[in-house]
Amino acid sequence: MPPRKAAAGATATRKSSRATKETQPDANGESKATTQSTAKATKNASKPATKAAAKEPVGSTATKTSSSTMKDSKKETTTKASTRATKAPANEPTKKSNKRKAEDDIEEPQTNGNKKTKTATAKAPVKKASKREVEDEKVAHVNHSKRARSLSETPASEAESTPKKTATRTRKTAATKAAPVKKARKIVAINEAPTQKLNVYVFGDGTNGELGLGNGKNCAEVKRPRLNPHLLADNVGVVSISVGGMHTAVLTKDNKILTWGVNDQGALGRNTEWEGGLRDISEDKSDDDSDSDSDTGSGLNPKESTPGELDLSDVPEGTVFTQLACSDSATFALTNDGLVFGCGTFRSNEGIFGFTEDILIQRTLTQIPTLKKIKQLAAGANHMLALDSTGIVYAWGSGQQNQLGRRIVERNVKHSLRPTPFGLPKQMVGVGAGAYHSFAMHKNGKLYSWGLNSFGETGVTRNFEAEGESDVHHATIVPNLDDFGTITQIEGGSHHTIAVTDRGEVLVWGRLDGFQLGLDIKSIPDEKVIKDSHDHPRILKVPTQVPNIDGAAVAAGSDHSIAVAKDGKAYAWGFSTSYQTGLGTDEEVEVATHIDNTAVRGKQLVWAGAGGQFSVMAGLAGVENVAENGVNGHA
Numbered sequence: 001m002p003p004r005k006a007a008a009g010a011t012a013t014r015k016s017s018r019a020t021k022e023t024q025p026d027a028n029g030e031s032k033a034t035t036q037s038t039a040k041a042t043k044n045a046s047k048p049a050t051k052a053a054a055k056e057p058v059g060s061t062a063t064k065t066s067s068s069t070m071k072d073s074k075k076e077t078t079t080k081a082s083t084r085a086t087k088a089p090a091n092e093p094t095k096k097s098n099k100r101k102a103e104d105d106i107e108e109p110q111t112n113g114n115k116k117t118k119t120a121t122a123k124a125p126v127k128k129a130s131k132r133e134v135e136d137e138k139v140a141h142v143n144h145s146k147r148a149r150s151l152s153e154t155p156a157s158e159a160e161s162t163p164k165k166t167a168t169r170t171r172k173t174a175a176t177k178a179a180p181v182k183k184a185r186k187i188v189a190i191n192e193a194p195t196q197k198l199n200v201y202v203f204g205d206g207t208n209g210e211l212g213l214g215n216g217k218n219c220a221e222v223k224r225p226r227l228n229p230h231l232l233a234d235n236v237g238v239v240s241i242s243v244g245g246m247h248t249a250v251l252t253k254d255n256k257i258l259t260w261g262v263n264d265q266g267a268l269g270r271n272t273e274w275e276g277g278l279r280d281i282s283e284d285k286s287d288d289d290s291d292s293d294s295d296t297g298s299g300l301n302p303k304e305s306t307p308g309e310l311d312l313s314d315v316p317e318g319t320v321f322t323q324l325a326c327s328d329s330a331t332f333a334l335t336n337d338g339l340v341f342g343c344g345t346f347r348s349n350e351g352i353f354g355f356t357e358d359i360l361i362q363r364t365l366t367q368i369p370t371l372k373k374i375k376q377l378a379a380g381a382n383h384m385l386a387l388d389s390t391g392i393v394y395a396w397g398s399g400q401q402n403q404l405g406r407r408i409v410e411r412n413v414k415h416s417l418r419p420t421p422f423g424l425p426k427q428m429v430g431v432g433a434g435a436y437h438s439f440a441m442h443k444n445g446k447l448y449s450w451g452l453n454s455f456g457e458t459g460v461t462r463n464f465e466a467e468g469e470s471d472v473h474h475a476t477i478v479p480n481l482d483d484f485g486t487i488t489q490i491e492g493g494s495h496h497t498i499a500v501t502d503r504g505e506v507l508v509w510g511r512l513d514g515f516q517l518g519l520d521i522k523s524i525p526d527e528k529v530i531k532d533s534h535d536h537p538r539i540l541k542v543p544t545q546v547p548n549i550d551g552a553a554v555a556a557g558s559d560h561s562i563a564v565a566k567d568g569k570a571y572a573w574g575f576s577t578s579y580q581t582g583l584g585t586d587e588e589v590e591v592a593t594h595i596d597n598t599a600v601r602g603k604q605l606v607w608a609g610a611g612g613q614f615s616v617m618a619g620l621a622g623v624e625n626v627a628e629n630g631v632n633g634h635a
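According to the working numbering, the stretch in the sequence shown is residues 1 to 635, in order.
Right, dumping it as structure tokens:
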């Protein structure tokens with residue numbers, strides 16, 4: 001039995017605790033397990049609300065005037081006129097004539113002590129006005145005050161007939177007082193949202209809520225596919241799914257995003273704090289074909305183990321999502337006009353690396369501002385790829401295994417969190433990712449790969465030795481694919497790769513000593529494999545077809561794989577200690593084996609996704625095995 005066998009005991013121990021297991025490659029390319037603390041990260045303190053500063057009206061400076069310069073009748077007239085003038089809106093501008101400047105300086109008190117206004121009376125005595133002039137000024141001032149008040153109350157249609165400068169300033173003043181209005185942005189769609197409703201089937205390890213079945217007693221471990229009752233097609237209408245290392249996200253027909261699983265670093269994009277406790281759930285087993293989760297008491301956090309909706313109130317109105325992509329600790333969403341939103345974080349060998357250069361953990365969905373006109377996303381364990389409408393590929397995240405396709409300078413290591421194009425030609429038409437390696441498909445049918453290559457997972461095996469070769473630092477054309485059709489989908493696990501072509505060929509390469517490739521190892525010619533020091537086949541050097549499957553979709557977990565055929569049937573193989581193959585066994589499965597139980601028998605399956613220790617499949621609602629339905633738009 002291959003070395004992977006020893007992992008079974010470790011996996012069983014993990015099920016009795018809340019610790020999560022994360023795989024990172026060591027210097028020799030072997031997987032090494034690191035244990036995360038299960039204490040939930042406390043929710044980021046909410047930012048204080050910003051207070052808008054209101055502008056204070058500024059009046060004229062009070063001017064001292066000798067009483068001998070004005071008669072008592074003038075004082076009385078001026079006082080009455082001033083009283084009526086102050087009834088006009090404080091913010092309303094008025095024009096002053098040179099003739100009335102001195103009187104206005106007396107009438108309008110100064111409300112802002114920080115500014116001093118020079119007045120005419122400071123330099124010259126006030127000219128004595130005749131009785132008729134005083135009366136004329138009184139009438140003029142009253143009419144001006146009435147006009148100012150009527151303008152502030154005039155509807156917008158009537159205000160246009162008023163002097164342009166005054167009307168404009170009045171509208172600006174009103175706008176500053178009104179509450180901000182959330183405007184829908186202009187959308188030019190380049191992506192189409194899927195519409196076919198799907199039923200969701202889950203199986204494998206759910207001790208951390210990965211299966212989304214809730215916190216019932218029989219929800220911790222599922223040996224064979226089970227229909228998720230929280231995601232029924234008629235009730236929820238799931239149209240697209242993505243599976244991360246220990247969490248899952250789905251998109252519904254009415255443009256909602258639901259998530260479940262581990263939320264330690266914000267991958268679920270919502271608050272999952274829970275006051276309940278935990279208990280040992282190692283004995284919680286499910287019946288092979290049981291759909292029941294009525295028994296409670298598993299100790300799972302119901303907010304993590306049950307699909308929950310993201311709050312999209314901060315997302316602009318009119319936004320339509322078309323695709324989701326989950327890494328180990330993050331979730332990203334693509335819109336119909338090519339924008340990208342995300343939450344969570346990336347991890348490196350040293351621990352939490354960051355979401356952006358400035359944000360360590362992003363706990364709610366936020367836009368990645370530098371990405372525009374994106375057509376497709378692909379997620380690795382701790383890196384992301386984005387393909388834009390011109391065929392340019394962007395990569396960001398952790399680049400310690402060269403999965404970003406560009407050199408990362410240690411002193412500027414955080415720069416790798418910037419989505420950046422690199423040394424690929426234009427006119428790429430698709431992207432795919434393994435845990436620590438990456439792929440891009442060119443318009444001419446060529447496949448490029450780069451990243452970790454300890455077990456030949458990139459498919460680039462020039463001068464390959466038994467111990468493996470160093471990482472592929474730059475995007476390189478994968479050889480030995482000329483005899484097959486054009487690759488339409490490609491996925492990678494920790495150290496292996498699986499792809500499907502337009503001719504239905506399911507191709508595999510990379511590590512095989514844990515049965516990751518679904519082939520009868522004894523039947524593989526020696527020239528196609530690299531053996532270890534004990535003469536055991538360890539690496540498949542060249543892409544090889546899995547027999548007897550007319551493939552439509554593929555999925556790669558850490559060390560297991562799933563292929564969905566065009567006739568709606570699904571096949572699985574590889575590491576199965578946590579029942580992640582859905583075949584009801586915890587023994588490794590060497591060759592591709594049909595997944596069959598009452599939950600999926602006769603159903604038209606169209607998609608599969610694989611996490612670290614669990615798997616998800618999707619089937620067309622109300623449709624039996626009909627090959628012509630295909631899988632377009634569901635991944």
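We treat Cβ as the ideally placed atom computed from N, Cα and C, and that holds for glycine.
Residue closest to residue i, alpha-carbon to alpha-carbon, out of the options
| i | options | result |
| --- | --- | --- |
| ASP264 | PHE515, MET384, ALA499, GLY351 | GLY351 |
| SER615 | THR581, ASP586, VAL623 | THR581 |
| SER305 | THR272, ILE190, THR501, GLY485 | THR272 |
| VAL431 | ARG418, LEU385, GLN403, GLY405 | LEU385 |
| GLY493 | ALA433, GLY308, ASN548 | ALA433 |
| GLY338 | ASN349, THR486, LEU324 | LEU324 |
| THR501 | ILE487, GLY308, THR370, PRO225 | ILE487 |
| GLY261 | GLY237, VAL472, GLY204 | GLY204 |
| ILE187 | LYS373, GLY459, HIS415 | LYS373 |
| HIS496 | HIS474, GLY551, ALA555, ILE549 | ALA555 |
| ASP535 | LYS303, LEU519, ASP513, VAL600 | ASP513 |
| ASN191 | HIS230, VAL320, VAL589, ASP314 | VAL320 |
| SER313 | THR366, ASP358, PRO194, VAL506 | THR366 |
| SER240 | GLY269, GLY212, THR195, ASN215 | THR195 |
| SER327 | ARG418, PRO421, LEU310, GLY397 | GLY397 |
| ARG538 | ALA563, ILE562, PHE455 | PHE455 |
| MET639 | PRO225, ILE257, GLU210 | Since the first residue shown for the chain is 1 and the last is 635, residue 639 is missing from the structure and cannot be characterised. |
| GLU588 | PHE575, VAL600, ASP596, TYR579 | PHE575 |
Opposing strand residues paired with residue i [DSSP bridges]
| i | result |
| --- | --- |
| ILE477 | TYR448 |
| ALA379 | MET384 |
| ALA440 | VAL431, TYR448 |
| LYS561 | First, the residue type needs correcting, since residue 561 is Ser and not Lys in the sequence shown. DSSP lists ALA556, TRP573 as partners of SER561. |
| ARG226 | VAL202 |
| LEU251 | SER240, ILE257 |
| GLY485 | Per DSSP, none; premise fails for GLY485. |
| GLN367 | PHE341 |
| GLY497 | In the sequence under discussion, the amino acid at residue 497 is Thr, which differs from the Gly named in the question. In DSSP, THR497 forms a bridge with GLY492, TRP509. |
| TYR394 | ALA386, PRO421 |
| PRO352 | Sequence check: residue 352 is Ile here, not Pro. ILE352 is bridged to ARG347. |
| VAL472 | GLY451 |
| MET617 | TYR201, ALA608 |
| LEU659 | No statement about residue 659 is possible, as the shown extent of the chain runs from 1 to 635 and does not include it. |
| GLY551 | ALA565 |
| THR593 | ALA572 |
| GLN580 | In the DSSP output, where bridge partners are listed per residue, GLN580 has none listed. |
| GLN545 | LEU507 |
With 16 other Cβ atoms within 10 Å as the buried cut-off, status of residue i
| i | result |
| --- | --- |
| SER533 | exposed |
| GLY619 | buried |
| ASP254 | exposed |
| ASP559 | buried |
| GLY622 | exposed |
| GLY592 | Note that residue 592 is Ala in the sequence shown here, rather than Gly. Looking at its Cβ environment, which holds 16 or more other Cβ atoms inside 10 Å, ALA592 is buried. |
| GLU624 | exposed |
| ASP388 | buried |
| GLN516 | buried |
| GLU410 | exposed |
| MET617 | buried |
| ALA189 | exposed |
| ASP471 | buried |
| GLY602 | exposed |
| ASN444 | exposed |
Only counting runs of 3 or more residues, tell me where the beta strand (DSSP E) segments fall wholly within the region 503-530, in order along the chain. 506-511
Using 8 Å as the cut-off, can you tell me whether the region 474-482 makes contact with the region 524-532, which would need three or more C-beta pairs spanning the two stretches below that distance? No, because fewer than three Cβ pairs between the region 474-482 and the region 524-532 fall closer than 8 Å, the two stretches do not touch.
Only counting runs of 3 or more residues, tell me where the beta strand (DSSP E) segments fall wholly within the region 309-342, in order along the chain. 321-326, 330-335
Are there three or more Cβ pairs, one per stretch, closer than 8 Å when the region 328-337 is compared with the region 370-383? yes
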